[in-house]
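K.L.:
Heads up: the protein sequence lines correspond to chains A and B, in order. The opening residue of the first sequence carries number 22 in the numbering used here; numbering runs sequentially from there. The opening residue of the second sequence carries number 1413 in the numbering used here; numbering runs sequentially from there. Virtual Cβ for every residue (Gly too), placed ideally from N, Cα, C. Just passing along the structure, written as structure tokens.
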Amino acid sequence: MNAHAPLPPAPSEGCGVSLRQERGQRAVFCGLTGIVWLHRKIQDAFFLVVGSRTCAHLIQSAAGVMIFAEPRFATAIIDERDLAGLADMNEELDRVVSRLIERRPDIRLLFLVGSCPSEVIKLDLSRAALRLSQRLAPAVRVLNYSGSGIETTFTQGEDACLAALVPEMPREAPNAAPSLLVVGALADVVEDQFLRLFSELGIGPVHVLPARRAGALPPVGPNTSYLLAQPFLADTARALEARGATRIAAPFPLGSEGTTGWLRAAADAFLVPEARFAAATAPGIARAERALAPHRERLSGKRAFFFPDSQLEVPLARFLAREMGMELAEVGTPYLHRAHLAEELALLPPGTRVVEGQSLDAQMDRARAARPDLTVCGLGLANPFEAEGLATKWSIELLFTPIQGYEQAGDLAELFARPLLRRARLEV
Amino acid sequence: MQLTVWTYEGPPHIGAMRVATAMRGLHYVLHAPQGDTYADLLFTMIERRDARPPVTYTTFQARDLGADTAEIFKSACAEAYERFRPEAMIVGASCTAELIQDDPGGLAKALNLPIPVIPLELPAYQKKENWGASETFYRLVRALSGPAPAPGAPRLGAEGRRPLCNILGPTALGFRHRDDVAEIRGLLNRLGIDVNVTAPMGASPTDLARLGAADFNVVLYPEIARAAAQYLQKAFGQPMVETVPIGFGATTRFVEEVAALAGLDPAPVLAEHGSRAPWYARSVDSTYLTGKRAFIFGDATHALAAARVARSELGFAVVGLGTYGREFAREVRAEAAEHGIEALITDDYLDVEAAIQAAAPEIVLGTQMERHVAKRLGLPCAVISAPVHVQDFPARTSPQMGFEGANVLFDTLVHPLMMGLEEHLLGMFREDREFHDGAAPSHLGGKARTVPPEPVTTVTVAAPASIAWAAEAEKELRKIPFFVRGKARANTERFARERALALITIETLYDAKAHFGR
């Protein structure tokens, strides 16, 4: 229940961190928000939310000014008439989709995105997607997933979207050579860097999910090894494994150490000789070290407090603690996948308090009591905390900024150092 | 179902949040799924508030659906009371909670809290943000303003004091509400009128209990406060002033009406209004504003006010007028008829965009959306109404209302346009090597641009079939100043199309000019 109870005594797990769960009021985005970056990545896909005015308002608030660059997302707002009877609603949806496709003939893939209202009234979007797919074939493929707040938190929307793509991936030839699949939407620049690194390591063929175009989905099969680039892809991983693919366990490619660990896991799986690995990664490691050094001075010894937001919190905390010398007051995460994050948890300083879930007021009390030097939180909390004298870093920026890989390690550190630098600089 | 990319208004519970956040000592418990807390950042980011809105969300998840959600609501409500100790509470459901049919009002009542708990019925699938704000404020006033006085009972302490009024309507996330209130309070004070309660902004539930002590009500924003003021008129016999004091003329009328209600002489205040706007509008540099074609869209209050200011105080021609607020469609239609045009009542920004293109205005006055549309069409634009982005919650004082508001409006509406002298010089020297449209600014060396600017016409007309231009006509067109060339081209082509001309000659160009010339 929504108890603001003190945290129960935490059973410490094997990896030496103190892992607790908390339930109550949560200040997080719903999975619909993922559309804002996913539509930039899959260039011929359109995301149609079936929901309420609240859903449309949320996406417009999250997308900011982007809404006017002919965005490839919209909301079919359910109104009173739709709530009167379900059959009518399916006809309405077909009408809206027809109008949309007429206006945007360039669309090849249409996602019907479920929301809280559509889930609660049990509107069957998977059947609608099937029906519309048949009608619009072969020009447009229609899929569905849920980005509702009752089922998904923020980045889990991407997980649900990619999991919906997995059954669409072509079957890998039975005698295909072992291939690597990198899973998770990355900024194009980061994706290209990683593809170059894999090529230098002699790993190939390498595919990415999501692909930049809907028609270019990578193949999958028992010879596919996949490497998660993001920590929030539980359902996608499960769907890939159902198709025979095997996960390469690795930490996430944040910071120099994380990137090296991530690449090494792939290199080990593909039996890359040590010398070749060292030669391919040495320049990146050296550049990352040069870029990180100036920020280490500012961040070292400072205490960070993470509010739950994206599931990136644990790898980010690991980076800040191990490479930047920060201390961790608390690491909140909306959801913790024990297996996918095992490598990360093992790298966290012993005793780090990791809290899964949230009870907002209680957590805010703990943050105030801890007086961290830097609080990583959402935009609803950032200014109120600043007004209370706590320096903050708003977390959503970590999803929209390229932060993975060697070349972005310095930028990532700078995102955390900048609020502290600004505080030191302002004389008002 | 309605296909929507952009919405002018949020759902009605956002309106309730605007009222709750504006007030002190009030807490809102909102039955809503995880994710609806996104609304907090409208207040903390766009309005840059330094505290969280006083809202507790139940943030239920899928695993809670079933009998659990009612229990979650009750515990959230009880804990919010314990933690925040508000003077009063409002409770309600967001769109999803409306579907699961827990009864927030009944559940909260069962808790027997020692404070007033006001249930809100906000139909999320019919109504929108402004309606939600109006309904919430009305419910609060009804519940908290106390019993109506006996008929004929004298007003408390009416003897030996200055006239007393309430200011109703300003909320959180209101376009310039903060500075409007300061401006109007100052104006009322100069008239000799005291303000009893300003609400919702800054008021506590206890303050709402004192509403009845005022002699009359000033309704600053009818979208939000008309319903509450009508109730007070009926229950307490308080007359209301509904003239919205935006613009010099409207402010003058407002002062006269308020003074009449209070039994005071408006002349001294009107004589020393201190507004520069009337003189600025009469000064010769403003001559070029005469007949500028203005397209106006926004909430009804601001659109109506802007239309009157544009026509009567700046000399513009209003070529388009509309609102997204259906509640005030009648008023806007009536005003549009005064300008000889038909009002546009829609909440679809694509309709607005089409109407702007059809009206071919020289300036657009609207919301954040019209700002973007105008940018796409290459038109000057000023923001006069919500929804607005963070830059329209400025640090500097910038009211829309009152005499200072008239000054602000003059600057806001004129700055996007080319000032008279500038326009004159550009016209005069259009063939000059430093002034032609291909020249870079002189501070950048004045070299010709390698890439000519895209002509405005590419976005203003979607010509069904292109009409050929004779070479001399094309050359002649280049002599027209670049900032009106797009319009000249569009008009000429329209003229030619209507007459089924295959080729546009110099003759056609000047025939069209004569035809459309104003």
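Could you confirm whether any beta carbon from chain A is found closer than 9 Å to the beta carbon of residue 1899 of chain B?
P.N.:
With 9 Å as the cut-off, residue 1899 of chain B does not count as an interface residue toward chain A.
K.L.:
Out of curiosity, what's the CA-to-CA distance linking residue 74 of chain A and residue 1540 of chain B?
P.N.:
Those two C-alpha atoms are separated by around 8 Å.
K.L.:
Residues of chain A with CB under 9 Å from residue 1536 of chain B, in chain order?
P.N.:
Under the 9 Å cutoff, chain A gives 73, 74, 75 and 138.
K.L.:
Check each residue of the segment 299-323 of chain A: if its Cβ is closer than 7 Å to any Cβ of chain B, include it; give the result in chain order.
P.N.:
For the segment 299-323 of chain A, which is checked against every Cβ of chain B, not one residue is closer than 7 Å.
K.L.:
Compare the Cα-Cα distances from residue 306 of chain A to each of A/429, A/172 and A/165 and report the closest residue.
P.N.:
Among A/429, A/172 and A/165, the Cα nearest to that of residue 306 of chain A belongs to A/429.
K.L.:
Write down every uninterrupted run of the alpha helix (DSSP H) in the segment 138-198 of chain A whose length is 4 residues or greater and which is fully enclosed by it, in chain order.
P.N.:
The qualifying runs are 146-157 and 177-186.
K.L.:
Please compile the residues from chain B whose C-beta is within a distance smaller than 9 Å of the C-beta of residue 157 of chain A.
P.N.:
Per Cβ cutoff of 9 Å: no residues; residue 157 of chain A is ~16 Å from chain B at best.
K.L.:
Which class does residue 1541 of chain B belong to by DSSP, given the choice of helix, strand or coil?
P.N.:
Looking at residue 1541 of chain B - three-state DSSP - the assignment turns out to be helix.
K.L.:
Touch check for the segment 1727-1742 of chain B and the segment 416-432 of chain A: three-plus C-beta pairs under 8 Å?
P.N.:
No, the segment 1727-1742 of chain B does not touch the segment 416-432 of chain A.
K.L.:
Just to confirm, is the Cβ distance from residue 324 of chain A to residue 213 of chain A under 9 Å?
P.N.:
No, the Cβ-Cβ distance between residue 324 of chain A and residue 213 of chain A is not below 9 Å.
K.L.:
Just checking, does the segment 365-372 of chain A make contact with the segment 392-407 of chain A on the three C-beta pairs under 8 Å criterion?
P.N.:
No: fewer than three Cβ pairs fall under 8 Å.
K.L.:
At the level of alpha carbons, what is the spacing between residue 184 of chain A and residue 1798 of chain B?
P.N.:
So the two alpha carbons sit approximately 39 Å from each other.
K.L.:
Run through chain A and tell me which residues come within less than 8 Å of residue 1445 of chain B, C-beta to C-beta.
P.N.:
Under the 8 Å cutoff, chain A gives 51, 137, 169, 170 and 171.
K.L.:
Distance cutoff 9 Å, beta carbons only. Does residue 1495 of chain B sit that close to anything in chain A?
P.N.:
Taking Cβ atoms only, chain A reaches closer than 9 Å to residue 1495 of chain B, which makes this a yes.
K.L.:
Tell me, to the nearest whole angstrom, how far the beta carbon of residue 52 of chain A is from that of residue 168 of chain A; I am working on the premise that it is less than 8 Å.
P.N.:
Rounded, the Cβ-Cβ distance is 4 Å, consistent with contact.
K.L.:
Assess, as a yes-or-no matter, whether the segment 1658-1671 of chain B is touched by the segment 1743-1754 of chain B under the definition of 3 or more beta carbon pairs within less than 8 Å.
P.N.:
The answer is no - the segment 1658-1671 of chain B does not touch the segment 1743-1754 of chain B, with fewer than three Cβ pairs under 8 Å.
K.L.:
Following the continuous beta strand (DSSP E) through residue 1778 of chain B, name the residue where it begins and the one where it ends.
P.N.:
Unbroken beta strand (DSSP E) run through residue 1778 of chain B: 1775-1778.
K.L.:
Check whether the Cβ of residue 1540 of chain B lies closer than 9 Å to any Cβ atom in chain A.
P.N.:
So yes, residue 1540 of chain B belongs to the interface.
K.L.:
Could you say which of A/201, A/83, A/119 and A/414 lies nearest to residue 1414 of chain B if we only look at CA atoms?
P.N.:
The candidate whose alpha carbon is nearest that of residue 1414 of chain B is A/119.
K.L.:
Closer than 7 Å, Cβ to any Cβ of chain A: which residues of the segment 1446-1460 of chain B, in chain order?
P.N.:
Against chain A - using a Cβ distance shorter than 7 Å - the residues of the segment 1446-1460 of chain B are 1446, 1447, 1448, 1449, 1450, 1452, 1453, 1454, 1456, 1457 and 1460.
K.L.:
For chain A, is any of its Cβ atoms less than 9 Å away from the one on residue 1421 of chain B?
P.N.:
With 9 Å as the cut-off, residue 1421 of chain B counts as an interface residue toward chain A.
K.L.:
If we ignore side chains and look at the alpha-carbon of each, how far apart do residue 42 of chain A and residue 1768 of chain B end up?
P.N.:
Taking the straight line joining both Cα atoms gives about 54 Å.
K.L.:
Name, please, each residue of chain B whose Cβ falls closer than 7 Å to the Cβ of residue 405 of chain A.
P.N.:
Neighbours of residue 405 of chain A on chain B, chain order: 1456, 1462, 1463 and 1464.
K.L.:
Mind reading off the beta-carbon distance from residue 49 of chain A to residue 231 of chain A? Whole number of angstroms is fine, and I expect it under 8 Å.
P.N.:
Between residue 231 of chain A and residue 49 of chain A the Cβ distance is about 23 Å, and since that is not below 8 Å, they are no contact.
K.L.:
Apart from the five residues just before and just after residue 1510 of chain B, which ones in its own chain have a Cβ nearer than 7 Å to its Cβ?
P.N.:
Only 1536 meet the Cβ criterion.
K.L.:
In this structure, does DSSP put residue 1395 of chain B in helix, strand or coil?
P.N.:
A query on residue 1395 of chain B cannot be resolved here, the shown segment of chain B reaching from 1413 to 1930 and no further.
K.L.:
When you compare the CB positions of residue 377 of chain A and residue 353 of chain A, do they come within less than 9 Å of one another, or not?
P.N.:
Yes; because the gap between Cβ atoms is below 9 Å, this pair is in contact.
K.L.:
If you run the structure through DSSP and keep just helix, strand and coil, what is residue 233 of chain A?
P.N.:
Correct three-state label for residue 233 of chain A: coil.
K.L.:
Which of the three DSSP states is assigned to residue 1745 of chain B in this structure?
P.N.:
Of the three classes helix, strand and coil, the one that applies to residue 1745 of chain B here is helix, per DSSP.
K.L.:
Grab the span of the beta strand (DSSP E) containing residue 351 of chain A for me, first residue to last.
P.N.:
Here the beta strand (DSSP E) through residue 351 of chain A covers 348-354.
K.L.:
Residue 1467 of chain B and residue 1442 of chain B look like a contact to me (Cβ under 8 Å); what is the Cβ gap, rounded to whole Å?
P.N.:
Correct: roughly 6 Å between the Cβ atoms.
K.L.:
What is the rounded straight-line gap between the Cα of residue 405 of chain A and the Cα of residue 1772 of chain B?
P.N.:
If you take the alpha carbons of residue 405 of chain A and residue 1772 of chain B, they lie about 45 Å apart.
K.L.:
What span of residues does the alpha helix (DSSP H) with residue 1391 of chain B cover, start to end?
P.N.:
As shown, chain B starts at 1413 and ends at 1930. That puts residue 1391 of chain B outside it, with no answer to give.
K.L.:
Can you name, in chain order, every residue of its own chain whose Cβ lies under 7 Å from the Cβ of residue 1517 of chain B, other than the five neighbours on each side?
P.N.:
Once the five neighbours on either side are set aside, the close Cβ partners of residue 1517 of chain B are 1503 and 1531.
K.L.:
Looking only at its chain, what residues have a beta carbon closer than 7 Å to the beta carbon of residue 1550 of chain B, apart from the 5 residues adjacent to it on each side?
P.N.:
Closer than 7 Å at Cβ, skipping near neighbours: 1639, 1640 and 1643.
K.L.:
With a threshold of 8 Å, establish whether the CB of residue 121 of chain A neighbours any heavy atom of the ligand PLP.
P.N.:
Absent from the structure shown: the ligand PLP. Ligands present: none.
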